[in-house]
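Student: Using the numbering used here, the first residue of the sequence shown is number -6, and each one after it goes up by one.
All C-beta atoms in this analysis are idealised placements derived from N, C-alpha and C, irrespective of residue type, glycine included.
Since the structure is predicted, the reported quantities are computational estimates derived from the model, not experimental observations.
Can you keep this structure in mind? I'll have questions shortly.
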Amino acid sequence: MKWIKQDLQQYVQAKEYVDTIIIPLLPFQLSNDSNLEKDAFQSEILSVFNRELEKELTGRVLLAPNFHYLTSADKEAEMERVHTWVEDIQTQPFHHVFFVTSDSGWKKVEQSLQGSLIWLPATATESMKASDIQSVIRSQVKEVTELIRSYWKG
């Protein structure tokens, strides 16, 4: 289920079956012109990945709104913001919280997250053909789907 009115209406009716939430962690900055296009491209790729992942796991997963943060921000401060999100999420029957990002900086604070981090290295580049990008995303979605399902079995 996506963070849209129709899906959220369904979520309210079936929340006992939706035990997993996915929170995209997306960096944002305007201060470094040389990285703007790269950052925007990675954000687009991550958005496509998350939509495809949600589609693959429909019925058991809620895709939360994007958690945006400044690239230059202190990760510890951002952790506090993430914790407030998780505290609110824990008022619902979610048993699994996954954070999805392409920012390797989150790996350093992964142990402090109240959930599981899925780090996707930036494998798609702007010079790749659209079909190649789709192929990379499909492959990543397949692997991450298997990972999430392993949490459900565990």
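1) How is L46 classed by DSSP in three states: helix, strand or coil?
2) On a CA-only basis, which of I(-3), N28, L55 and F92 is nearest T64? Give me that one, please.
3) What I want to know is whether the C-beta of V11 ends up closer than 7 Å to one or more non-hydrogen atoms of the ligand ATP.
4) Counting along the chain, where does the alpha helix (DSSP H) carrying W78 start and finish?
5) Identify whether F87 lies in helix, strand or coil by the three-state DSSP scheme.
6) Take every Cβ of the segment 67 to 83, pair it with every Cβ of the segment 32 to 42, and state whether three or more of those distances are shorter than 8 Å.
7) Give me the residue from Q104, A57 and D67 with the minimum Cα distance to I82.
8) Distance check for I111 and Q6, CA to CA, integer angstroms please.
9) Select from L19, Q(-1) and F92 the residue whose C-alpha is nearest the C-alpha of Y62.
10) Between which two residues does the alpha helix (DSSP H) harbouring W145 extend?
11) Going by the beta-carbon positions, is the gap between I16 and W78 smaller than 8 Å?
12) For I38, list the residues DSSP reports as bridge partners.
13) If we call anything under 8 Å between Cβ atoms a contact, is L113 one with S95?
14) Can you give the Cα-Cα distance for Q35 and R53, rounded to whole angstroms?
15) Between the alpha carbons of I141 and N25, how many angstroms are there, rounded?
Tutor: Well, looking at it:
1) helix
2) N28
3) With respect to small molecules bound, the structure shown includes none, and the ligand ATP cannot be examined in it.
4) Unbroken alpha helix (DSSP H) run through W78: K68 to I82.
5) coil
6) no
7) A57
8) 28 Å
9) It is L19 whose Cα lies nearest to the Cα of Y62.
10) Segment A123 to K146, the alpha helix (DSSP H) holding W145.
11) yes
12) Paired residue(s): none; I38 is not in a bridge.
13) yes
14) As the crow flies, the alpha-carbon of Q35 is around 26 Å from that of R53.
15) Straight-line Cα distance between these residues: approximately 35 Å.
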